[in-house]
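*Asks:*
Protein chains: 2
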Amino acid sequence: MKRLAILSFVMMLFSASYAQQALFGGQDIVSPQINSNNTVTFRLQAPQAVKVELTGDFLPTQKRQTPMGEMDAPGVAGLTKNAQGVWEFTTPNALAPELYSYSFIIDGVSVTDPNNVYMIRDVGSVTSIFIMGGGRADLYKVNDVPHGTVARRWYHSPSLNMDRRITIYTPPGYEQSKGEYPVFYLLHGAGGDEEAWIALGRTSQILDNLIAQKKAKPMIVVMTNGNAGQQAAPGESVKGMYKPSFMGDTRMDGDFEKAFPDVIKFVESNYHVKKNKANRAIAGLSMGGFHSMHISKQYPDLFDYVGLFSAAIMPREDVTSEIYQNTDEKLKVQFAQKPRLYYIAIGTADFLFSANTDFRKKLDENKYPYTYYETGEGHIWKNWRIYLSEFAPLLF
Amino acid sequence: MKRLAILSFVMMLFSASYAQQALFGGQDIVSPQINSNNTVTFRLQAPQAVKVELTGDFLPTQKRQTPMGEMDAPGVAGLTKNAQGVWEFTTPNALAPELYSYSFIIDGVSVTDPNNVYMIRDVGSVTSIFIMGGGRADLYKVNDVPHGTVARRWYHSPSLNMDRRITIYTPPGYEQSKGEYPVFYLLHGAGGDEEAWIALGRTSQILDNLIAQKKAKPMIVVMTNGNAGQQAAPGESVKGMYKPSFMGDTRMDGDFEKAFPDVIKFVESNYHVKKNKANRAIAGLSMGGFHSMHISKQYPDLFDYVGLFSAAIMPREDVTSEIYQNTDEKLKVQFAQKPRLYYIAIGTADFLFSANTDFRKKLDENKYPYTYYETGEGHIWKNWRIYLSEFAPLLF
Numbered sequence: 022m023k024r025l026a027i028l029s030f031v032m033m034l035f036s037a038s039y040a041q042q043a044l045f046g047g048q049d050i051v052s053p054q055i056n057s058n059n060t061v062t063f064r065l066q067a068p069q070a071v072k073v074e075l076t077g078d079f080l081p082t083q084k085r086q087t088p089m090g091e092m093d094a095p096g097v098a099g100l101t102k103n104a105q106g107v108w109e110f111t112t113p114n115a116l117a118p119e120l121y122s123y124s125f126i127i128d129g130v131s132v133t134d135p136n137n138v139y140m141i142r143d144v145g146s147v148t149s150i151f152i153m154g155g156g157r158a159d160l161y162k163v164n165d166v167p168h169g170t171v172a173r174r175w176y177h178s179p180s181l182n183m184d185r186r187i188t189i190y191t192p193p194g195y196e197q198s199k200g201e202y203p204v205f206y207l208l209h210g211a212g213g214d215e216e217a218w219i220a221l222g223r224t225s226q227i228l229d230n231l232i233a234q235k236k237a238k239p240m241i242v243v244m245t246n247g248n249a250g251q252q253a254a255p256g257e258s259v260k261g262m263y264k265p266s267f268m269g270d271t272r273m274d275g276d277f278e279k280a281f282p283d284v285i286k287f288v289e290s291n292y293h294v295k296k297n298k299a300n301r302a303i304a305g306l307s308m309g310g311f312h313s314m315h316i317s318k319q320y321p322d323l324f325d326y327v328g329l330f331s332a333a334i335m336p337r338e339d340v341t342s343e344i345y346q347n348t349d350e351k352l353k354v355q356f357a358q359k360p361r362l363y364y365i366a367i368g369t370a371d372f373l374f375s376a377n378t379d380f381r382k383k384l385d386e387n388k389y390p391y392t393y394y395e396t397g398e399g400h401i402w403k404n405w406r407i408y409l410s411e412f413a414p415l416l417f
Numbered sequence: 022m023k024r025l026a027i028l029s030f031v032m033m034l035f036s037a038s039y040a041q042q043a044l045f046g047g048q049d050i051v052s053p054q055i056n057s058n059n060t061v062t063f064r065l066q067a068p069q070a071v072k073v074e075l076t077g078d079f080l081p082t083q084k085r086q087t088p089m090g091e092m093d094a095p096g097v098a099g100l101t102k103n104a105q106g107v108w109e110f111t112t113p114n115a116l117a118p119e120l121y122s123y124s125f126i127i128d129g130v131s132v133t134d135p136n137n138v139y140m141i142r143d144v145g146s147v148t149s150i151f152i153m154g155g156g157r158a159d160l161y162k163v164n165d166v167p168h169g170t171v172a173r174r175w176y177h178s179p180s181l182n183m184d185r186r187i188t189i190y191t192p193p194g195y196e197q198s199k200g201e202y203p204v205f206y207l208l209h210g211a212g213g214d215e216e217a218w219i220a221l222g223r224t225s226q227i228l229d230n231l232i233a234q235k236k237a238k239p240m241i242v243v244m245t246n247g248n249a250g251q252q253a254a255p256g257e258s259v260k261g262m263y264k265p266s267f268m269g270d271t272r273m274d275g276d277f278e279k280a281f282p283d284v285i286k287f288v289e290s291n292y293h294v295k296k297n298k299a300n301r302a303i304a305g306l307s308m309g310g311f312h313s314m315h316i317s318k319q320y321p322d323l324f325d326y327v328g329l330f331s332a333a334i335m336p337r338e339d340v341t342s343e344i345y346q347n348t349d350e351k352l353k354v355q356f357a358q359k360p361r362l363y364y365i366a367i368g369t370a371d372f373l374f375s376a377n378t379d380f381r382k383k384l385d386e387n388k389y390p391y392t393y394y395e396t397g398e399g400h401i402w403k404n405w406r407i408y409l410s411e412f413a414p415l416l417f
């Protein structure tokens, strides 16, 4: 057996595989770079590109003409090329703490940053991300605290006659404990799936951190797939690797709500949990807020905690499903049973703001108590991470 | 409460968020498109780009000049632009069944395909992927079979004095069963982590499919992090979202091997498993093969099944760790205890082929029985998926 030094092993591995990146089109620069003054520098090695721009949710929005009229569009900034062919842009101001997403635009084509392996998919598009720490954004980071477990499982839904994928967060210590835990059902919006809250919502980081700070109780978080016709997130079912589309698998026809007890039965027979109203919460964003509203009033004995995050408050009485009939009567029954928390959160710029305002008026008129949390901005994940980190501490 | 039809809700959502993709730089084309004759068409809308090329592991490799001399480089193909500014390339031939990866090169910059949300990270680079089904590649797809659970957990390693992340596959039916399962420890290579076998290796799909076909026994697969200095994959630890580098956290100093009993203890006290040699397997690729070789001979009572996939067979007697001393004596003890399977797999073009040939000679000279599986090509994930799908059926 020849004596090979580890260095030569490394060199050989480099030449065998890594070299493909290092030597052929790979980039040896850092992007994004968070500077000590909280500005951020973006870089792209592109000597042959004619124009390199950047778009991201930290840039001021711009008005743009579209086929649907003048609209707010994400801001765009130009990068400047140096003599080595590296394009660069540094934000003029420090960025506030937040999880940000961005894309490069190379000669007109929006792409992810090839020097940044951290990205998230939102429906059918993938963007590069980074976290500017500090303040609330520290909840979105992996910190030196005990970590829960995130499991991707499958359960059978008799109501939908389908095996379905589900994402379940169990808190630190759950596996070793003999105790019973409360359960928080957390629902995604239209175009989302059982991956959305984990990836875009940073649920496991937020819960790990809130629990470590003793701001939230240890709880199980169940992220089910809210598209009644869909078994699993794109790429995770027998449908294979198709191009996800916004309303491709979204129905809002009552089937998901009707089948929801299947999820509860699965969780309560597979996890050591507390099986009563006081230890069940349900919340969701946009379509998931709509689902939470309808599920909690359809089954008024199930949930003591209900959260509507930027909820799609909209009547569906035109749909035949029994779920959407007699909303007022069902709300009356639900509130007669005095849920401990009915929570409504929305941004003032959300296109659903006035629908939520109307809904709150209805609650007010009937003297149904609720907690209201208002932020700026609109129908965006930044708000949903905030709502999750505000809502979870109020539970159980 | 105003009556909003679902259509207007959808329209508003589109204008609120999706529109950003659809109207500002989003692309409404399909790429990649697997054609009925098993050719594949790639498309990119890039009216302003000067040159669009494609590189992928389905293209013939090319010789290229590099700072390290002439080397085999991934093939490159040019795309052709139509009048609408959409660039297109169709493979001249049908592709064989396989999981393929590729990148676009837009005016000289390698990027992922913005129309394909399916990608995998290998160390510090991310490529777009697709699966051409058929043959063995059907094992890599999600099929209509019962699915196991994939959990990301954390365990404490007293030997390394560190909390560490671990990926664990439990087979379909595990949670409902009272039975005890065998355990297969599956180790990644240098530059990898506890995500590598799940993402690049398609472990959960391969196991789901082999188990459904009754070709493999239901087993637990434990994918630990083989970098003794690393708590978790990049982005999953307190180190945050740094740029991963090839040997950044790889040490090969014996600490990982020495600490391996911590992993077994964790698994055997947290899962209902069979706790004897006949029900433990260990295998790994490259550095993970090196680890499997050293762990299995250091603890000759632990594993009846050992797999070296493209193993980094290399003496480390220069390293002070006791793990690497007296290799020959330890192998003698290990083989005296007659492991049921000692399996060596490698590609003929692997840079480690001759080191593996030398190692097999040593085994032959000592009449140590082993099973040898040879493929073409080299040190690539294609081979490691093949080795996993050949090795798993031989276990237990």
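Chains A and B are the protein sequences, given in the same order.
Residue numbers 22 to 417, in our numbering, belong to the letters of the first sequence in order.
Residue numbers 22 to 417, in our numbering, belong to the letters of the second sequence in order.
The beta carbon of each residue, even a glycine, is placed where N, CA and C say it ideally should be.
If you draw a straight line from the C-alpha of A211 (chain B) to the C-alpha of G309 (chain B), how long is it?
*Replies:* 8 Å
*Asks:* Could you give the uninterrupted runs of the beta strand (DSSP E) lying entirely in the segment 146-177 of chain A, keeping only those of 3 residues or more?
*Replies:* 146-153
*Asks:* Along the segment 50-69 of chain B, what residues have a CB closer than 8 Å to any CB found in chain A?
*Replies:* V51, L65, Q66, A67, P68 and Q69
*Asks:* So L373 (chain B) packs on F205 (chain B), CB below 8 Å; how close in whole Å?
*Replies:* Not quite, the Cβ-Cβ distance comes to about 23 Å (not below 8 Å), so this is no contact.
*Asks:* Provide the residue span of the alpha helix (DSSP H) that contains D49 (chain B), from first to last.
*Replies:* Counting along the chain, D49 (chain B) falls outside any alpha helix (DSSP H), and DSSP gives it neither H nor E.
*Asks:* Determine whether the Cβ of I303 (chain A) lies closer than 8 Å to any Cβ atom of chain B.
*Replies:* no
*Asks:* So with CB distances below 7 Å, who are the chain B contacts of G129 (chain A)?
*Replies:* A67, P68, Q69 and A70
*Asks:* Quick one: which chain B residues come within Cβ less than 7 Å of M262 (chain A)?
*Replies:* Near M262 (chain A) (Cβ distances below 7 Å), the residues of chain B are Y139, F151 and I152.
*Asks:* Between which two residues does the alpha helix (DSSP H) carrying T378 (chain A) extend?
*Replies:* T378 (chain A) -> alpha helix (DSSP H) spans F374 to E386.
*Asks:* Would you give the residue range spanned by the alpha helix (DSSP H) that E350 (chain A) belongs to?
*Replies:* T348 to A357
*Asks:* Locate the beta strand (DSSP E) running through F79 (chain A), then write down its first and last residues.
*Replies:* That residue, F79 (chain A), is in no beta strand (DSSP E); it is neither H nor E in DSSP.
*Asks:* If T62 (chain B) sits next to P53 (chain B), beta carbons under 8 Å apart, how far is it from one beta carbon to the other, in whole angstroms?
*Replies:* 7 Å
*Asks:* Cβ closer than 7 Å: which chain B residues qualify as neighbours of N246 (chain A)?
*Replies:* The premise fails here: N246 (chain A) is roughly 13 Å from chain B at the closest Cβ pair, so nothing lies under 7 Å.
*Asks:* Using 8 Å as the threshold, is the C-beta distance between L120 (chain A) and A158 (chain A) below it?
*Replies:* yes
*Asks:* Could you round the C-beta distance between S317 (chain A) and Q355 (chain A) to whole angstroms and report it? I think they count as a contact, below 8 Å.
*Replies:* Contact flag correct, Cβ pair sits at about 6 Å.
*Asks:* Per DSSP, L120 (chain B) is paired with what?
*Replies:* B:I152
*Asks:* In angstroms, rounded to a whole number, what distance separates the CA positions of F110 (chain B) and S375 (chain B)?
*Replies:* 38 Å
*Asks:* Are E257 (chain B) and V163 (chain A) closer than 8 Å when you measure CB to CB?
*Replies:* yes
*Asks:* Taking the alpha carbon of V107 (chain B) as the point to measure from, which residue in A:A115, A:V130, A:G106 and A:L116 has its own alpha carbon closest?
*Replies:* A:V130
*Asks:* Quick one: measure Cβ to Cβ for T193 (chain A) and D229 (chain A), integer angstroms, because I've assumed they're closer than 8 Å.
*Replies:* Per the sequence shown, the amino acid found at residue 193 (chain A) is Pro instead of Thr. With a beta-carbon spacing of about 7 Å, P193 (chain A) and D229 (chain A) fall inside the 8 Å limit used to define contacts.
*Asks:* Going by alpha carbons, who is nearest to D49 (chain B) out of B:P336, B:N56, B:Q66 and B:S57?
*Replies:* B:Q66
*Asks:* By Cβ distance, which residues of its chain are closer than 7 Å to G96 (chain B), with the 5 residues on each side in sequence left out?
*Replies:* For G96 (chain B), where only same-chain residues beyond five positions count, the Cβ hits under 7 Å are T76, L80, P81, T82 and Q83.
*Asks:* Alpha carbon to alpha carbon, what distance is there between W405 (chain A) and M183 (chain A)?
*Replies:* Spanning the two alpha carbons is a distance of roughly 29 Å.
*Asks:* In chain order, what residues of the same chain have a beta carbon less than 7 Å from the beta carbon of R337 (chain B), not counting five sequence neighbours either side?
*Replies:* M273 and Y345
*Asks:* Measuring alpha carbon to alpha carbon, tell me which residue in A:P113, A:T392, A:T133 and A:P68 is nearest A104 (chain A).
*Replies:* A:P68
*Asks:* Could you name each continuous beta strand (DSSP E) segment of 3 residues or more that falls completely within the segment 171-243 of chain A, going from the start of the chain to the end?
*Replies:* 183-191 and 204-208
*Asks:* Identify the continuous beta strand (DSSP E) that holds Y263 (chain B) and give its terminal residues.
*Replies:* Careful: Y263 (chain B) lies outside any beta strand (DSSP E) and carries neither H nor E.
*Asks:* Strictly below 8 Å CB to CB, what residues from chain A border T170 (chain B)?
*Replies:* A172, R173, R174 and W175
*Asks:* At a Cβ threshold of 8 Å, is P265 (chain A) touching chain B?
*Replies:* yes
*Asks:* Per DSSP, what are the beta-bridge partners of V327 (chain B) in this structure?
*Replies:* Looking at the DSSP output, V327 (chain B) bridges to B:I303 and B:Y363.
*Asks:* Can you list, in chain order, the residues of its chain with a C-beta nearer than 7 Å to that of S180 (chain B)? Leave out the 5 residues immediately preceding and following it.
*Replies:* K279, A280 and D283
*Asks:* On the DSSP bridge list, what partners appear for L65 (chain B)?
*Replies:* B:W108
*Asks:* Below 8 Å on C-beta distance, what does S258 (chain B) contact in chain A?
*Replies:* V163
*Asks:* DSSP state of D143 (chain A), grouped into three classes?
*Replies:* strand
*Asks:* Under 8 Å, Cβ to Cβ, is there at least one residue of chain A near G77 (chain B)?
*Replies:* no
*Asks:* Buried or exposed: Q42 (chain A), going by 16 or more other Cβ atoms within 10 Å of its Cβ?
*Replies:* Confidence in Q42 (chain A) is poor, its pLDDT being 47 and thus under 50, which makes the residue's placement unreliable; the coordinate value appears in the next sentence. Answer is buried; the Cβ neighbour count reaches 16.
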